[in-house]
Structures are given as structure tokens and as C-alpha cells.
Amino acid sequence: MATIKGIKNRLAAAGRALGGDYTSEKNGSKPKDKLKASQRVNAAQRAMSGDYALRDGKKPVVKVEPAEIRMNKVFTTKEKAEPEIKVFEKQESARQREEERVEWRKKAVRRDSDKTVGCIHPDYCCGCGACYSVCPVNAISMKYDSEGFLAPVVDRSKCTNCGLCRKICPSINLEYKNTVEPACYAAYADDEIRAKSSSGGIFTLLAEYAFEQGGAVCGAGYTDDFKVEHFIIESPDDLDKLRKSKYVQADASKVYADVKKILKEGRVVVFCGCGCQVAGLYATLKNVDISNLYTIDLMCHGGPSPKLFDDYLNKYHGKDQGKVADVGFRDKDYFGWSTEMTVKYTDGTVYHRTRTQDPYYRAFLPCISTRKFCGHCAYAKLPRTGDITLADFWGIQKYNRDYTDGKGTSIVSVNSPQGEKIYAAIADKLLLNKEIPCDDVLKTGQPFDHCFKNHPARQRYFEQIKNGSSMEKAYDYAIKDKYDVGIYGVWFGANYGSVATYYALHEIIRSFGLSVLMIDMPAAKTGAGKPDTHARRFAKAHYHESKRYTLKDMRELNSKVDTFIMGSDQVWNRGISRGFGFSFYFDFVEPDKKKIAFSASFGHDRDFCNVQDRETISEYMRQFDGISIRETSGVEICKDVYGIDAVRVLDPVFVADRKVFDSLADKAKKKHDGKYMLAYILDPTPEKRAAVVEVSEKLGLEVVVLLDGRPKDPVKNRQIMDMDDKIVDDITVEDWLNYFRNADFVLTDSCHGISFSLVFETNFIGLANSARGMTRFESLVDVFQVRDHYVQDAADILGNDELLKPVDYDNVNKILMSERERSLAWLKEVLFRPKEFEGYRAYPIIDKRLAEDKED
Ligand SMILES: Cc1cc2nc3c(=O)[nH]c(=O)nc-3n(C[C@H](O)[C@H](O)[C@H](O)COP(=O)(O)OP(=O)(O)OC[C@H]3O[C@@H](n4cnc5c(N)ncnc54)[C@H](O)[C@@H]3O)c2cc1C
Ligand code: SF4
Ligand code: SF4
Ligand code: SF4
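Numbering (our numbering), first residue to last: 5 to 860.
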């Protein structure tokens, strides 16, 4: 027994540890940094158990419970401690739940000013449809969201802002009424009922109780079109319609009003559904007598997307051609008590697949296809929402062999007095009914007191489904973190034009239904951090990015990516590419992978590579499946310097649909009201400044000046422009695009500045910029036949009214259409052409010698 002094010491130490003064180390030394709350509790626990207080290394005699530490109280005997600890823990858990409720509400309501359920964050809407049911003016409809889950949409033209939907929404107003320590049972009904049920058939017995009382039963069944919805049945003959689990999130929205009507008639209703639907029902029954209502919630793994289920039945089973007769997730006749897939066809044939073979099941079980809300479900926990909770007692044979005959044993949790009443009423009809400790149910790992988290690859899965991937591929690529295409290049650079050109390429590839990984720049250490720049923030919002690898480790990308594409801009300007080793020529890519360069550029009309590197690079280039270059001069360099055939294509910003940029520009935050001339000047000079001033005065337009996203000398640039009040800094790519889109005239020394003037059909003067490579400008104005709007020297702008004439956009667009079509056709052909690969030869040198021997 520890002495009183010893205990006091421990308490004092624990107090200090909780305050963050002590580490959990035995020497009790001060921590360097403030400890986290969990570390403090840990440290306090260790202090209390004597790790700190007893320095002689002896084990402490009195075992101090964590609750005692939190109570700041130590009991001398177990008997004295237990009752007080119990009361304390109850109060604690009620307090914790209240805190959670407040926290949850804060996150759930994203627009407090909205009086409707439009205020709710989509991730916090469970899709119960209670709001739809209560709206007095039918202003709410339940529609598929982008992942195919039902979510409310408010018609503002009908809505009277009465606030009722928001007031009753169960996800905003969480209510916990039932006990946190329910009585639990292992139970099953007779064999006949079980054969027709998913698990132990308890639902059927509870439903029969309702009919015996002259009541009705509500549960989920299939519509004629195999949608899963809640229905009300009035006779036991219709029970087959509801029995058995359908692993799809059901639409209960239309049934609540009918349940309310029956309750108002004074009749009994047994309602069975997932916790969210039970919560939804209660939400619609405020001020209604619910003494005749018995609710059953299911220990719920999560509800998969109904639209996904519909697509699955159409694509894999020809539902839309009338081929499906029945769908079963729990066919006991074929699989026994298990979870596997059965689809019965109208021609009498049957599809049986195990849960690991069937594409729908494969995604459901690891929670890849379940609702976002399910990953933090507020109902898959104690206290339960329903009066009774039902589940399969998976693992029962290990728990107690006597409680299973292999035909289905259920867990029954009785959560309320109403639950006790109905369970007592069916008890003598049960073939097995054994009470088990609630703690043992907690140990089963079932979603009893915790929900199953969404799989980390969930978002990618749905992204691919939305992009048209098959369910198998979406699953496989999501789980393995694989991509159809890896785009490499300078997308991470701070130049707005580069960001836009890579985004365009990204969107083009995605429009082919392919997934894209943006390959990041190499680093000295794999997994190195990424700087915080506007380009990086843009990337985070729009791309899947690879981690940063060392040049050596970039080979690892071969296991993630099927086809590698080198993007546009000056990636083959050796002055730039040298910093990336030979990776811009895909030296790290395995020979069986496809390698493409799309609209790559040397930036200048000559090659800056040294002779030695040229040989290596031309060898790597030869291994490409297709090379396209942005400038005519680049095509010539490929041929003359590297001996490679290449074609000229447009910059991706012209190949992508203009809508791609419009939707980005729509998100701009910084804008200029009224008419203006945009001066996008990368390398200011006094002559350029004079040109900007003169042109804007002639046009009678205000000037907006944008400078380079990351200039070498920002202070000097600003000084030269000397237009501080006109310069807009700190803009996003979205702002940048919008400035081009809304400008009445553009003057620019940027190649992408000219490009976006053309994309948005804005009149412009393009100014050559030798520092950034003349050939890009020359090629661009020649391709689009806009030389009349281009000068090589800023001084040539002064006094030259010809440059202010409108651009002939009819002609530009005609060229754009045919050039776009040609560029796209080239890309598609190379991308989708089967890869020609001879296979690996383990001993190429020996092969060669053998061949030479033969010749001899
Ligand atoms: C989406 C979903 C996830 C589940 N996850 C788990 C789990 O992780 N672990 C576990 O042990 N049990 C889970 N269950 C419960 C389990 O599948 C059984 O439904 C339960 O054990 C009852 O079995 P029974 O034999 O008593 O009822 P059955 O006779 O099989 O009747 C099933 C009852 O569930 C209702 N129901 C069927 N499909 C749906 C649906 N899509 N939405 C709402 N209600 C429905 C029916 O209306 C019926 O009332 C889940 C059920 C569903 C619907
Ligand atoms: S009532 Fe249900 S469906 Fe409506 S917003 Fe709330 S959680 Fe979503
Ligand atoms: S605020 Fe009232 S009228 Fe508007 S959608 Fe909600 S319930 Fe309907
Ligand atoms: S996990 Fe929660 S939200 Fe999802 S279906 Fe089940 S009860 Fe509803």
C-alpha cells in the first residue's frame, strides 16, 4: 500500500503533469515544448501509478484509475471508488456529448444567415429527407448530388423562409434520448423466418407485433425500377417486400408523412431503417403522440450511393433493358448466412458473385462508396437512435458456439422503455434469446458505438466514376493510388501562363475520361516539403499531386502511372531542364510505359544543350511514343539536332475548351469595375511604360497593370513601371484570367498574355520579349495570322495607330478550330494507340553476340 505521503506526492506530480509541467519520463524533467492534452493525461497517469513519484523503481501498490486522476481524487479501496467513479463517468460522458453536439453544430451550419436547410454543410447532411417532408410549401426536392446521393435542394422562388426545415433538421439539431448502456442479446427467430431474412429474423417478429396490434410496418424495399425506398405495408403477406438488407442508402423522405398520419389515427407503427432515417422520422414528429411508435435502427456500415447502385444495375446487369428480376445482397439459399451478391434475371438465369468479386460490393465494404456523412455518422453510436438496434452477430462462433447454428444470429440492443416493451412482447417467439454484456457487443467492432470511417480513397473513387471509369477500374486505381496519366513539366512555377497551360493540359486529358497525377519537381530528399506559392495553392485546389522524389527515386512513379506526358512551355530549354537532370526527357520511365511530349518547347530558335548531353537526350527522345512541339523552330531543332521527327501542335491553352478558363475566371475575387486596358508586363522598361501610357490615353481607357508572378527583381520592376496605383499584386490564377477576359484592350510582352487575349477574343498589342525567347512570339503570331498586332520593339508602338485596329477574330477562330482539331487528333492517336514494346531482354549483349556468331 502506498503511504498517504506517497499518494499526495503522486497527486501533486499528476497535477503538475496535467498542467504540462512534466513529461511522462521517470526523471520528471521539464518538457522542451508544451505537451498536448493527451500527453499530459498520459504523463499524469504515469505519475499517479508511481512512475514518477516512486524513484526506487518499485511498482506502485494502489492502482489509480484514469477517472480518479480526472476527479483529482484517490480512493483507498476499490469498493469506495466504484460507485463514485460510475456517477462521475456518467456526468463526464453527458458533458462530452453536449460538447460534441455544440462542436458538430458549428461545423454543420456553414451559412448561418440562411434560414433554410441551405445553411447546412453538404458533408453534414445525412440525406434523411425530413426537411423535404415538413416543408409546408413543397419548396424542397431531394435530388442526386454529384456523387449520386440524395440531398435537399431549396427552390427559393417557392420558399417563404419560415425556417421550419432548418429547425427540425436532425443533423443540425442532434438529439440523444436513449440509454448509453442498453441491454443486449444474442437472438434469432425460427428457421422459416430466418431463411427469408438477412440475419436472425428479429425484424419479422417485431413487424408481426405491429400487425397483431392492428398497426402498420415501415421499412425499405425495391420500387419496380429497383430504387431503394421506404414503404408502408399493412399485412404480413407483404413482409417479403421489406425483408433483407439492401446495401444502398434508401430514400425515406416520402414515407414520413404517411407514418405521421397512421400515428395520428392512434395505430401502432414499427419503423425500421438506418439511424439517419430513424432520426429523420422523429424530426418530423414534433408534437405528435409517439407512444404507438416503435423504431428499429440498424447497426450501419454506411449507405452507398443510390445513383451508383442504379448505374451498376444498368451497366452490369441490363436493368434498363428490363433484364433484372431481383437483387439480393444476402442470398442465404446460395451463400448461407453471409454477405454476397445475387442478381436474378428475367430469363431465369442468376448472377452470383462473392463480395470480393462483385464490383459494387467491393466498393461498399471498405466504405469507398458510402456517403461522406457516414464517415462521421452521428447515429452509428451510443446512445442509439432507435428503440431497438439490430445487427448481425458476426464472429458469434468465437464468442459462444452455442449461440449459432450457422443460419443467422443477430445482436439486439434494447435502447429505451419502448424498446423493452416490444422486445418483451416477442421474447417467447425467439428460438435463441441470451442476454450478453453491452461491453461484449462493443468488442465485436460493429458500428455500435462508432461509425466506420470513409476510406481515404473515397474521393478518388467517385472522381473516377464521375469521369466515366468502370467500377472495377475506379476501385483499383483509387485503392492502389494509380493514375492513367502523369503530367510532368513546370506546372509548379509561379508564372501565371505556365500554370494555365498545365491546367489546360490536365483538363484535356481528363476530358478523355482519364485520371491525372501531376508529377512534382524533384527534391534533395524524397517527401520534401512544398513551398507556399499561388501556383502551389492552385495545384492543391485542382490536382492530384505526387510527392517530391529525389531524381533517383522518381522511378517509383512507374508503379503509379500508366502514361507519362511532358507538358508545354520551355521544358526542353536546356538552361531550364538542366536543373531537373534528364527527368524532363523521362529517363526515369520504364520502357514498357508510354512517353509523350505534348506542345513541349525549346523556348528559342536554337538549342542550348552541350554536345555530350545532346547524345544522351536524343537517345531518351527516341524512346518517346510521340513528340509534339509548340513552335515550328522547335520541330526543326528536334530534326536537325536530335534526329527526331516531331509535329507542331498548339499550346494546350488553345486546345482546351474555352469553358475551362471561363469557369476559373468566374471564381476571381480581385476584379476591376468598368472599362480598362490591361498591361501585363513581365519585364518592364521605360519604353514599355511609355507605350502603355500612350495607348491607354488614345483608347481613353484606365490602365490595370499586372506584373510577373515571381519576377527576379520585383522592386525594380515596380519602379520602372512607376504606376503604383494601377498595379494589382497578389492575384490568383483565377483573378489573372478574369483580368484578361474582361479587358477592353491588352498590351503585353508575354507570350501567354497574347495567347489569352486570343482565347478571350480581346484586342491587343503583343510585344516581343527576347529575354523570354523570341521564337515563341513569332510562331504564335504567324500561326494565328496576327502579325499586324505585334511589334518587336516597344518604341514601335508609339504613334502607330494601325496597332489599335480590331483583331480579325473571324479569321483567328477559323484557324483555332482547325488547329485545335489537328492537335487534339494527334494527342488522342498517340495516347490511345497500343504501346509497342518488345519486352525485356535480360541479356541484350549476349543476344547481340549470338547474332554476330550466327552471321560469322
Ligand atoms: C445499409 C445497411 C448497412 C448495414 N450495416 C451493417 C453492419 O455493418 N453490421 C451489421 O451487423 N449489420 C448491418 N446492417 C444490418 C443487417 O444487414 C440486417 O439488416 C440486420 O441485422 C437485420 O436483420 P434481420 O434478419 O432482423 O432483418 P431482415 O428481415 O433482413 O430485414 C432487414 C430490415 O432492414 C431494412 N432495410 C433493408 N435495407 C435497408 C436500407 N437500405 N435502408 C434502410 N433499411 C433497410 C428492411 O426494411 C428491413 O426492415 C446493415 C443494414 C443496412 C441496410
Ligand atoms: S433534414 Fe435531413 S436531408 Fe434535410 S438537410 Fe437535414 S439532414 Fe439533410
Ligand atoms: S424555410 Fe420553410 S418554406 Fe423555406 S424551404 Fe424551409 S420549410 Fe420550406
Ligand atoms: S452510416 Fe449513418 S448516415 Fe450513413 S446510412 Fe448509416 S445511419 Fe445513415
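All residues carry an ideal CB built from backbone N, CA and C; glycine is no exception.
In whole angstroms, give me the CA-to-CA distance for residue i and residue j.
i: residue 194; j: residue 433; result: 8 Å
i: residue 613; j: residue 753; result: 26 Å
i: residue 237; j: residue 224; result: 10 Å
i: residue 421; j: residue 456; result: 28 Å
i: residue 64; j: residue 84; result: Its pLDDT being 42, under 50, residue 64 is placed unreliably in this model, and the value from its coordinates should be taken loosely. Residue 64 and residue 84: Cα-Cα distance of roughly 19 Å.
i: residue 58; j: residue 445; result: The predicted model places residue 58 with a pLDDT of 36, which falls under 50 and marks its position as unreliable; any figure quoted below should be read in that light. Taking the straight line joining both Cα atoms gives about 39 Å.
i: residue 350; j: residue 327; result: 5 Å
i: residue 88; j: residue 528; result: 58 Å
i: residue 264; j: residue 400; result: 38 Å
i: residue 720; j: residue 553; result: 35 Å
i: residue 728; j: residue 793; result: 27 Å
i: residue 699; j: residue 767; result: 12 Å
i: residue 147; j: residue 652; result: 46 Å
i: residue 132; j: residue 375; result: 12 Å
i: residue 838; j: residue 602; result: 18 Å
i: residue 811; j: residue 790; result: 7 Å
i: residue 294; j: residue 137; result: 17 Å
i: residue 889; j: residue 591; result: Since the first residue shown for the chain is 5 and the last is 860, residue 889 is missing from the structure and cannot be characterised.
i: residue 777; j: residue 634; result: 13 Å
i: residue 358; j: residue 476; result: 14 Å
i: residue 30; j: residue 539; result: Any reading at residue 30 must be qualified, since the residue scores a pLDDT of 45, below 50, and its modelled position is unreliable; the value itself is stated next. Taking the straight line from one Cα to the other gives about 48 Å.
i: residue 856; j: residue 616; result: 29 Å
i: residue 186; j: residue 417; result: 6 Å
i: residue 443; j: residue 464; result: 36 Å
i: residue 35; j: residue 707; result: Note that residue 35 has pLDDT 49, beneath the 50 cutoff, so the model's placement of it is unreliable and the number below is only indicative. So the alpha carbons of these two residues sit roughly 57 Å apart.
i: residue 354; j: residue 231; result: 20 Å
i: residue 683; j: residue 710; result: 6 Å
i: residue 498; j: residue 737; result: 10 Å
i: residue 166; j: residue 106; result: 24 Å
i: residue 779; j: residue 659; result: 20 Å
i: residue 467; j: residue 91; result: 49 Å
i: residue 233; j: residue 156; result: 16 Å
i: residue 6; j: residue 71; result: At residue 6, the pLDDT of 49 sits below 50, so the modelled position is not reliable and the matter cannot be decided from this model.
i: residue 176; j: residue 447; result: 30 Å
i: residue 828; j: residue 577; result: 24 Å
i: residue 26; j: residue 74; result: Because the pLDDT at residue 26 is just 49, under 50, the model does not fix this residue reliably, and the point stays unresolved.
Of the residues the options, which one's Cα is nearest the Cα of residue i?
i: residue 276; options: 333, 207 and 266; result: 207
i: residue 788; options: 765, 327 and 800; result: 765
i: residue 214; options: 425, 629 and 502; result: 425
i: residue 599; options: 491, 731, 504 and 322; result: 491
i: residue 629; options: 841, 676, 543 and 563; result: 841
i: residue 312; options: 822, 595 and 150; result: 150
i: residue 763; options: 115, 697 and 661; result: 661
i: residue 581; options: 494, 499 and 81; result: 494
i: residue 122; options: 674, 203, 145 and 537; result: 145
i: residue 723; options: 677, 693 and 736; result: 693
i: residue 173; options: 128, 378 and 181; result: 128
i: residue 371; options: 105, 345 and 479; result: 479
i: residue 98; options: 348, 677, 249 and 181; result: 181
i: residue 461; options: 406, 396, 226 and 367; result: 367
i: residue 395; options: 362, 451 and 406; result: 451
Which residues does DSSP pair with residue i in a beta bridge?
i: residue 452; result: Looking at the DSSP assignment, residue 452 forms no beta bridge with any residue, so it has no partner.
i: residue 632; result: 651
i: residue 407; result: Beta-bridge pairing links residue 407 to no other residue.
i: residue 393; result: 301 and 417
i: residue 708; result: 682
Could you please go through the chain and list the residues whose beta-carbon is closer than 6 Å to any non-hydrogen atom of ligand 4? 130, 253, 278, 279, 280, 304, 306, 307, 375, 377, 378, 381, 383, 384 and 455
Entirely within the segment 221 to 283 and at least 3 residues each: give me those beta strand (DSSP E) ranges in chain order. 232 to 237 and 273 to 278
Unbroken beta strand (DSSP E) runs of length 3 or more, entirely within the segment 295 to 352: which are they? 297 to 302, 328 to 332 and 345 to 349
For the segment 554 to 592, list the beta strand (DSSP E) runs that are entirely contained and at least 3 residues long, ordered along the chain. 565 to 570, all fully within the segment 554 to 592.
Could you give the uninterrupted runs of the beta strand (DSSP E) lying entirely in the segment 138 to 197, keeping only those of 3 residues or more? 144 to 148, 154 to 158 and 187 to 192
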